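*Asks:*
2 protein chains.
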Amino acid sequence: MTSSRSIGGGAFTGAAPIFAALGDRTRLKIVARLCGAGPLSIARLTEGGKVSRQAVTKHLQALERVGLARSSRIGRERLWELKARRLAEARHYLKEISTGWDAAIDRLRAHVELDED
Amino acid sequence: MTSSRSIGGGAFTGAAPIFAALGDRTRLKIVARLCGAGPLSIARLTEGGKVSRQAVTKHLQALERVGLARSSRIGRERLWELKARRLAEARHYLKEISTGWDAAIDRLRAHVELDED
DNA sequence: CTCATATGCAACCCCCGAGTTGCACTTAAT
DNA sequence: ATTAAGTGCAACTCGGGGGTTGCATATGAG
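Residue numbers (my numbering), protein chains in the order written: chain L, 5 to 121; chain U, 5 to 121.
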């Protein structure tokens with residue numbers, strides 16, 4: 005219920021943290037992997053990547069801070085998964101913002117007319 | 005033509021710089037203002053905000069680096085505007101990623117079933 | 001010409017993000 | 001009981017991001 009048609013205002017800037025969380029290659033890869041597979045342990049997420057396990061852990065915690073991921077210890081390993089709730093929320097933000105951009109894009113295209121861009 | 009169904013892979017991480025560029029409140033506000041109005045001078049963009057003119061300039065240059073904005077000097081002022089091309093590209097990224105999330109969200113929801121989240 | 005505007009440049013500051021390494025600890029496995 | 005796997009913690013390095021201030025410069029206004 006928070007916000008709806010707030011693009012032109014400035015209140016939607018709350019999405020900044022989410023963008024920031026996605027503004028890193030390593031993190032984006034992790035999100036992608038968690039998107040494709042079920043809950044994964046830190047060790048699994050570290051495999052393949054080129055950063056240390058600690059780095060991966062930090063990224064996961066970063067995602068947790070913005071509410072995009074959660075974890076739970078099972079035996080000796082900690083399993084991480086994305087949070088549907090927040091993910092849907094983020095998806096909503098993206099959609100809303102890109103919708104706002106549509107108008108801007110049209111306006112810009114009209115403004116430059118024949119010009120390249 | 006670059007990428008299309010690349011969510012599950014890892015090549016789409018090229019979107020990271022764009023997310024990073026949007027991962028800052030101040031910059032997000034600037035983008036919003038440029039979205040709503042036509043080309044604006046640095047002075048205009050500085051009005052209202054709480055950061056110095058130099059800060060605004062730096063943010064604009066940051067947006068320029070990722071190709072989201074461009075500028076041109078007119079008389080004694082420099083007018084900034086968003087680049088429709090890149091903006092549309094970013095919009096595409098957002099759409100694609102959020103589409104990829106849809107599947108993940110469904111899977112997550114199914115996985116936790118009755119659970120909260 | 002003179003003054004106020006709108007910027008550009010450069011030097012600095014402070015803090016945090018990304019990544020690493022070393023060591024301790026807990027929990028399978030054998 | 002031993003060993004190996006999977007983490008957690010803490011200390012540290014490096015570099016760049018976000019902001020600021022001061023000064024120089026170009027240009028519209030009177």
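Don't be surprised by glycine CBs; every beta carbon is placed ideally from N, CA and C. All of these numbers come straight from a predicted model, not from anything done at the bench.
(1) For L:Ala19, which residues in the same chain have their Cβ closer than 6 Å to its Cβ, ignoring the five residues on either side in sequence?
(2) Sort L:Thr50, L:Ala88, L:Ala107, L:Trp105 by Cα distance to U:Ala108 and report the nearest one.
(3) Along the chain, where does the beta strand (DSSP E) that runs through U:Gly86 open and close?
(4) Residue range of the beta strand (DSSP E) that L:Ala73 falls in?
(5) Is L:Gly27 buried or exposed, if buried means 16 or more other CB atoms sit within 10 Å of its CB?
(6) Report yes or no: do three or more beta-carbon pairs, one from the stretch 50-70 of chain L and one from the stretch 60-67 of chain U, lie closer than 8 Å?
(7) So, with DSSP's three-state summary, where would you put L:Ser45?
(8) Please return the same chain residues whose Cβ sits closer than 7 Å to the Cβ of L:Leu44, not counting the five positions on each side in sequence.
(9) Taking a contact to mean a Cβ-Cβ separation below 7 Å, would you say U:Ala73 touches U:Ile22 in this structure?
(10) In terms of alpha-carbon separation, which member of L:Arg111, L:Ser75, L:Ala47, L:Gly53 lies closest to L:Arg31?
(11) Using a Cβ cut-off of 7 Å (strictly closer), state whether L:Thr17 contacts chain U.
*Replies:* Considering the structure as presented:
(1) Residue 19 of chain L sits at position 15 when you count from the first residue of the first sequence. Excluding residues within five positions, the ones whose Cβ falls inside 6 Å are Tyr97.
(2) Along the second sequence, read from residue 1 onward, the residue named residue 108 of chain U stands at position 104. Of the candidates L:Thr50, L:Ala88, L:Ala107, L:Trp105, the one whose C-alpha sits nearest the C-alpha of U:Ala108 is L:Ala88.
(3) In the second sequence, residue 86 of chain U corresponds to position 82, counting from 1. The displayed chain sequence assigns Leu, not Gly, to residue 86 of chain U. That run of the beta strand (DSSP E) goes 81-86.
(4) Here the question's residue 73 of chain L lines up with position 69 in the first sequence. Taken as a continuous stretch (DSSP letters only), the beta strand (DSSP E) holding L:Ala73 covers 73-78.
(5) Within the first sequence, residue 27 of chain L is the residue found at index 23, counting from 1. Looking at its Cβ environment, which holds 16 or more other Cβ atoms inside 10 Å, L:Gly27 is buried.
(6) no
(7) Residue mapping note: residue 45 of chain L aligns to position 41 of the first sequence, counting from 1. It is a strand residue.
(8) Working through the first sequence from its first residue, we reach residue 44 of chain L at position 40. If we look at L:Leu44 and ignore the five residues flanking it on each side, its Cβ neighbours are Arg37, Leu38, Leu83, Trp84.
(9) If you number the second sequence from 1, residue 73 of chain U lands on position 69. If you number the second sequence from 1, residue 22 of chain U lands on position 18. For U:Ala73 and U:Ile22, no; Cβs fall outside 7 Å.
(10) Residue mapping note: residue 31 of chain L aligns to position 27 of the first sequence, counting from 1. Answer by Cα proximity: L:Gly53.
(11) As a working note, residue 17 of chain L is residue 13 in the first sequence. With 7 Å as the cut-off, L:Thr17 counts as an interface residue toward chain U.
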